[in-house]
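Trainee: At position 127 of the sequence shown the residue is numbered 151 (my numbering), and the sequence of numbers has no breaks. Positions of the beta carbon are idealized from the N, C-alpha and C atoms, including for glycine. These numbers come from a predicted model, not from an experiment.
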Amino acid sequence: MKLNYYFIKSLIDRVKERQSTEEILASFSHLDEQTSFILISELLDRSDSLVRRSGLSLLKQLNWNRDNLIAFMNMGLTLKHPSEIRYWYEAIAPQLGLANILDLLETYIKIEPEIVSRAWYYLDLMIKSNSVDLVPRLKIIQSKFREINEREVFAIN
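1) So which of S71, H105, S60 and D72 has the shortest CA-CA distance to L83?
2) Give a yes or no on whether the C-beta atoms belonging to I64 and T102 are separated by under 8 Å.
3) I'd like the list of long-range same chain contacts for N89, defined as Cβ closer than 8 Å, with 5 residues on each side in sequence excluded.
4) Let me know the secondary structure DSSP gives V177 once reduced to three states.
5) What number of angstroms, rounded off, separates the C-alpha of R38 from the C-alpha of P160?
6) For A95, is the classification buried or exposed, using 16 other Cβ atoms within 10 angstroms of its Cβ as the cut-off for buried?
7) Measuring straight from C-alpha to C-alpha, what distance separates I36 and Q119?
8) Using the Cα positions of M150 and K163, report the straight-line distance between them to the nearest angstrom.
9) For Q76 versus L68, is the C-beta spacing smaller than 8 Å?
10) What is the DSSP secondary structure of I36, counted as helix, strand or coil?
11) Taking Cβ to Cβ, would you say V156 is nearer than 8 Å to Q166?
12) Please go through the same chain and pick out, in chain order, the residues whose beta-carbon is closer than 8 Å to the beta-carbon of I125, but skip the five residues on each side of it.
13) Where does L74 land, buried or exposed, given buried means 16+ other C-beta within 10 angstroms?
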């Protein structure tokens, strides 16, 4: 199925009109994974935060493979919406896992440290409240960030 502008616009309009999530999800059940990925990506790439959050809600309710989840998380990390990053974590972490998100964030320490700084606050909170076993890993990443960038990454103690 080749996606066109009108198909994508129709989905975005349905989301903006707050059509029921069940109805929108039903339309996804007839699509292949690649098409679903493109549609969700289109929603997540919108400047309208309501549309992005609706896209995250849909993302959370569909099954994705690891590569797609990492691609979605990358989108969230690079969008530069620090106040929204927690919604991305909440949508993606249940399927991807916080350890994989830490792996991804660690790749940005050298190449784009500002992403790590923006994303750190909520990830730090989530891990300390939900995955205490990952706290030592947080500290390692924090030390690595400090060593490479000669400054602290934001953290709550």
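Mentor: The answer reads as follows:
1) Comparing Cα positions, the closest option is S60.
2) Cβ distance not < 8 Å, so I64 and T102 don't count as in contact.
3) E57
4) coil
5) Pairing R38 with P160, the inter-Cα distance amounts to about 44 Å.
6) exposed
7) 24 Å
8) 14 Å
9) Looking at the sequence shown, residue 76 is not Gln but Arg. A contact, by the Cβ cut-off of 8 Å.
10) helix
11) No, these two residues do not count as a Cβ contact at 8 Å.
12) M97, Y113, I116, A117 and L147
13) exposed
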